[in-house]
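S.K.:
Protein chains: 2
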Amino acid sequence: MPPADSTDMDADKAQRYRSRMQRQKAVVDAAIVRADKSKGLLLVLTGNGKGKSSSAFGMVARALGHGMRVGVAQFIKGRSDTGEEAFFTQQKNIVWHVLGEGFTWDTQDLARDRETARRGWSVVQTMLRDPSIDLLILDELTYPLKFGWLEISEVLSDLQNRPAMQHVVITGRAAPDTLCGAADTVTEMRDIKHAFQAGIQAQTGIDF
Amino acid sequence: MPPADSTDMDADKAQRYRSRMQRQKAVVDAAIVRADKSKGLLLVLTGNGKGKSSSAFGMVARALGHGMRVGVAQFIKGRSDTGEEAFFTQQKNIVWHVLGEGFTWDTQDLARDRETARRGWSVVQTMLRDPSIDLLILDELTYPLKFGWLEISEVLSDLQNRPAMQHVVITGRAAPDTLCGAADTVTEMRDIKHAFQAGIQAQTGIDF
Numbered sequence: 001m002p003p004a005d006s007t008d009m010d011a012d013k014a015q016r017y018r019s020r021m022q023r024q025k026a027v028v029d030a031a032i033v034r035a036d037k038s039k040g041l042l043l044v045l046t047g048n049g050k051g052k053s054s055s056a057f058g059m060v061a062r063a064l065g066h067g068m069r070v071g072v073a074q075f076i077k078g079r080s081d082t083g084e085e086a087f088f089t090q091q092k093n094i095v096w097h098v099l100g101e102g103f104t105w106d107t108q109d110l111a112r113d114r115e116t117a118r119r120g121w122s123v124v125q126t127m128l129r130d131p132s133i134d135l136l137i138l139d140e141l142t143y144p145l146k147f148g149w150l151e152i153s154e155v156l157s158d159l160q161n162r163p164a165m166q167h168v169v170i171t172g173r174a175a176p177d178t179l180c181g182a183a184d185t186v187t188e189m190r191d192i193k194h195a196f197q198a199g200i201q202a203q204t205g206i207d208f
Numbered sequence: 001m002p003p004a005d006s007t008d009m010d011a012d013k014a015q016r017y018r019s020r021m022q023r024q025k026a027v028v029d030a031a032i033v034r035a036d037k038s039k040g041l042l043l044v045l046t047g048n049g050k051g052k053s054s055s056a057f058g059m060v061a062r063a064l065g066h067g068m069r070v071g072v073a074q075f076i077k078g079r080s081d082t083g084e085e086a087f088f089t090q091q092k093n094i095v096w097h098v099l100g101e102g103f104t105w106d107t108q109d110l111a112r113d114r115e116t117a118r119r120g121w122s123v124v125q126t127m128l129r130d131p132s133i134d135l136l137i138l139d140e141l142t143y144p145l146k147f148g149w150l151e152i153s154e155v156l157s158d159l160q161n162r163p164a165m166q167h168v169v170i171t172g173r174a175a176p177d178t179l180c181g182a183a184d185t186v187t188e189m190r191d192i193k194h195a196f197q198a199g200i201q202a203q204t205g206i207d208f
């Protein structure tokens, strides 16, 4: 129990808290009323920080939880033992395509990397024409764009012509400006601090 | 087929590509060799942008894919129809706790919010002492800290005393500096652009 002479102060504090939260609620409610449109979103998750692909996979879980159908295309296959692939390929309502061969500095062959990316994009094109796919993840797509394996104009045109309610999430560092311009939501994951810089290796369940 | 006189240029381009990727590979390989430590990480995902909670749920999927055990504590319960809850509560190896009552501007009662948060933290404390939990998500924990419902010193002390290999992911806007200081990895999700600002409502499978 607080001493008796603090009761007024506590009551005052509780009242200020209530007023502050009432104002906050009014602001939030008004914003929610204003946001009344629905559409298939194009989301770009970029930047150097941790959380781009994992955020995309969190949206996969959300969508599956609502009974939606999901397509995933991974353009860079850094390793073959990822938890996300092991987990999601066991689930219903999801198709999972590994379209890349590894980081480009592993192949070191431009013609081969281009050919792999182009073959991958034709798989994506099929999903971008399929209205039964509610959410499509294009994981690490920014790298094929950055290295010139895919034409940004063709990618943008295919994205624009997709089904009206299909959501697409694109991840990877250094997303091109034209891609960000076409997106509904763009988040930059900024690396404030990263365990890797402190000599800690990629951790199972966190980084892959 | 390119015209014959472009062959030398193409060969030159391919060679420069190969050299660039060889240098990149050397840098990446050296960094991987340096990063040889393993530990339970503390990750903080903060900022105003989209992707904090979804990234945490992506790590849940990764961890489950590796057969790890996961605990989730949600401190703010904005709505009762989330895809992540519907999806993950159907999976094995996961415990899911909803510890909040909704956004604080809905209750507008400081004493009640404090009591709810303190009761929630005692549930978290049990998981922070349980070495069989490999990954623990404390979703939207920054709000109880920001509003003073929980003591940051107690929270930090409990985090520091957790099992050595347990990973903890904390999400929410405005993470306190002391929490970021204690973390191994901190990402700021920066809102470059958000569909909500263009009048688009929260989308099923993307935002919840």
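Residue numbers (UniProt numbering), protein chains in the order written: chain A, 1 to 208; chain B, 1 to 208.
C-beta atoms are modelled at their ideal positions from N, C-alpha and C, and glycine is treated no differently.
(1) Given residue 202 of chain B, which residues of its chain have a CB within under 7 angstroms of its CB, disregarding the five upstream and five downstream residues?
(2) Would you say residue 151 of chain B reaches chain A, if we count a Cβ-Cβ gap shorter than 8 angstroms as a contact?
(3) Which full runs of the beta strand (DSSP E) of 3+ residues lie inside the stretch 12-75 of chain A, going along the chain?
(4) Under the three-state reduction of DSSP, which class applies to residue 203 of chain A: helix, strand or coil?
(5) Looking at the strands, I want to know which residues DSSP matches up with residue 97 of chain A.
(6) From residue 82 of chain B to residue 66 of chain A, what distance separates their C-alpha atoms?
(7) Between the C-alpha atoms of residue 7 of chain B and residue 72 of chain B, what's the straight-line distance to the nearest angstrom?
(8) I'd like the list of long-range same chain contacts for residue 158 of chain A, defined as Cβ closer than 7 angstroms, with 5 residues on each side in sequence excluded.
(9) Where does residue 89 of chain B sit, in a helix, a strand or coil, going by DSSP?
(10) Have a look at residue 225 of chain B and residue 88 of chain B and give me their C-alpha separation to the nearest angstrom.
(11) Which residue comes first and which comes last in the beta strand (DSSP E) that contains residue 190 of chain B?
(12) Using a Cβ cut-off of 7 angstroms, pull out every chain A residue sitting near residue 59 of chain B, in sequence order please.
(13) Under three-state DSSP, which class holds residue 10 of chain B?
(14) Give the range of the beta strand (DSSP E) segment to which residue 150 of chain A is assigned.
(15) Within 8 angstroms of any Cβ in chain B, is that where the Cβ of residue 226 of chain A sits?
(16) What's the C-alpha gap between residue 51 of chain A and residue 26 of chain A?
(17) State the beta-bridge partners of residue 139 of chain A as determined by DSSP.
(18) Considering residue 171 of chain A, what are the terminal residues of the beta strand (DSSP E) in which it resides?
(19) Shortest alpha-carbon distance to residue 247 of chain B belongs to which of B:164, B:169, B:156 and B:165?
(20) Could you tell me whether any Cβ in chain A is nearer than 8 angstroms to the Cβ of residue 177 of chain B?
(21) At a Cβ cut of 8 angstroms, what residues of the stretch 112-139 of chain B count as close to chain A, listed as they run along the chain?
(22) I want to see whether chain B comes within less than 8 angstroms of residue 110 of chain A, judged by CB atoms only; does it?
(23) Specify the secondary structure class of residue 82 of chain A as computed by DSSP and reduced to three states.
(24) Sorry if obvious, but does the Cβ on residue 194 of chain B come closer than 7 angstroms to a heavy atom of the ligand ADP?
(25) For residue 120 of chain A and residue 14 of chain A, I'd like the C-alpha separation in whole angstroms.
(26) Return the first residue and the last residue of the alpha helix (DSSP H) that residue 113 of chain B is part of.
(27) Using a Cβ cut-off of 9 angstroms, which residues of the stretch 187-204 of chain A contact any Cβ in chain B, in chain order?
(28) Quick one, which of A:17, A:205 and A:123 has its alpha-carbon nearest residue 109 of chain B's?
(29) Let me know the secondary structure DSSP gives residue 177 of chain B once reduced to three states.
(30) Using the rule of at least 16 other Cβ atoms within 10 Å of the residue's Cβ for burial, across every protein chain shown, is residue 164 of chain A buried or exposed?
(31) Is the distance from the Cβ of residue 187 of chain B to the Cβ of residue 139 of chain A below 8 angstroms?
(32) Using a beta-carbon distance cut-off of less than 7 angstroms, what residues from the stretch 25-37 of chain B approach chain A?
(33) What does the alpha-carbon distance come out to for the pair residue 114 of chain B and residue 169 of chain A?
(34) Would you mind sorting residue 69 of chain B into buried or exposed? The rule is 16 or more other CB atoms within 10 Å of its CB.
(35) For a cutoff of 8 angstroms on Cβ pairs, would you count residue 17 of chain B as touching chain A?
(36) State the Cα-Cα distance for the pair residue 24 of chain B and residue 135 of chain B, rounded to the nearest angstrom.
M.R.: Result, derived from the coordinates:
(1) 208
(2) no
(3) 42-46 and 70-74
(4) coil
(5) A:73
(6) 8 angstroms
(7) 58 angstroms
(8) 125 and 128
(9) coil
(10) Lying before the first or after the last residue shown, residue 225 of chain B is absent from chain B, which here runs from 1 to 208.
(11) 185-193
(12) 54, 205 and 206
(13) helix
(14) Careful: residue 150 of chain A lies outside any beta strand (DSSP E) and carries neither H nor E.
(15) Nothing about residue 226 of chain A can be read from this structure; chain A reaches only from 1 to 208.
(16) 32 angstroms
(17) A:74
(18) 167-171
(19) Nothing in the structure corresponds to residue 247 of chain B, since chain B is present only between 1 and 208.
(20) no
(21) 134 and 135
(22) yes
(23) coil
(24) As for the ligand ADP, it is missing from this structure, which has no ligand bound.
(25) 59 angstroms
(26) 110-128
(27) 187, 188, 189, 190, 191, 192, 193, 194, 195, 196, 197, 198, 199, 200, 201, 202, 203 and 204
(28) A:17
(29) helix
(30) exposed
(31) no
(32) 25, 28, 34, 35, 36 and 37
(33) 37 angstroms
(34) buried
(35) yes
(36) 33 angstroms
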